[in-house]
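Mapping of the sequence shown onto the numbering used here: residues 140 to 285, in sequence order.
Here is the structure we will look at.
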Amino acid sequence: MTTPATPQPHKLLRRSREALATLAVQFLLGMGANLVGTPQDNTDGGRVVAASLLGLHILIGVGVVVVAIRLWMVARDEGLGERLALWALVVLAVTFLIGIGTMLTDSGWLSFLMALGWLVGVGLYIQTFVLGARATAGSSRSTGMA
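Here's what the structure looks like:
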């Protein structure tokens, strides 16, 4: 028995959604870490909270780079949005390195560059998301599915 084929979301659309969600979590953890301050700025329970937020921010930062690689691989395989995905990977990898520099130097300017890199990454992933959505809509129309 066969079942009717339902259109699957385009892989680029799914990966772009994943990337945007990861960047949203990264933003929230970064703002939390920024508002609470460094572990050195806090005492007792505040130190634990600050260290936890900073640790999660770093861990998700690694995840952001991993997701960027995954999205670039999908874009490359599908021949859609490859340049955008590659630029996002480069920008976010550099942003991760800037984040390390921010931790080591406590520089406000590096923190600003980290925020700028995050914003550019979001902009690039919105573009890959739109490309994936258009590809999904196009494949739905070509199969007669709505």
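Every residue gets a Cβ at the ideal spot worked out from N, C-alpha and C, and that includes glycine.
Keep in mind that this is a model prediction, so the values were computed, not measured.
Within 8 angstroms, do at least three Cβ pairs link the segment 239-250 to the segment 214-229?
The segment 214-229 makes no contact with the segment 239-250, as fewer than three CB pairs between them are under 8 angstroms.
Give the straight-line distance between the Cα atoms of residue 202 and residue 273, rounded to the nearest whole angstrom.
Taking the straight line from one Cα to the other gives about 27 angstroms.
Measuring only the C-alpha atoms, how far is residue 154 from residue 177?
Roughly 32 angstroms between the two C-alpha positions.
Return the first residue and the last residue of the alpha helix (DSSP H) that residue 179 is part of.
Secondary structure note for residue 179: it is in no alpha helix (DSSP H), with a DSSP letter that is neither H nor E.
Nearest-angstrom Cα distance between residue 168 and residue 162?
Counting only the Cα atoms, residue 162 lies some 10 angstroms from residue 168.
Rounded C-alpha distance that separates residue 175 from residue 190
So the two alpha carbons sit approximately 10 angstroms from each other.
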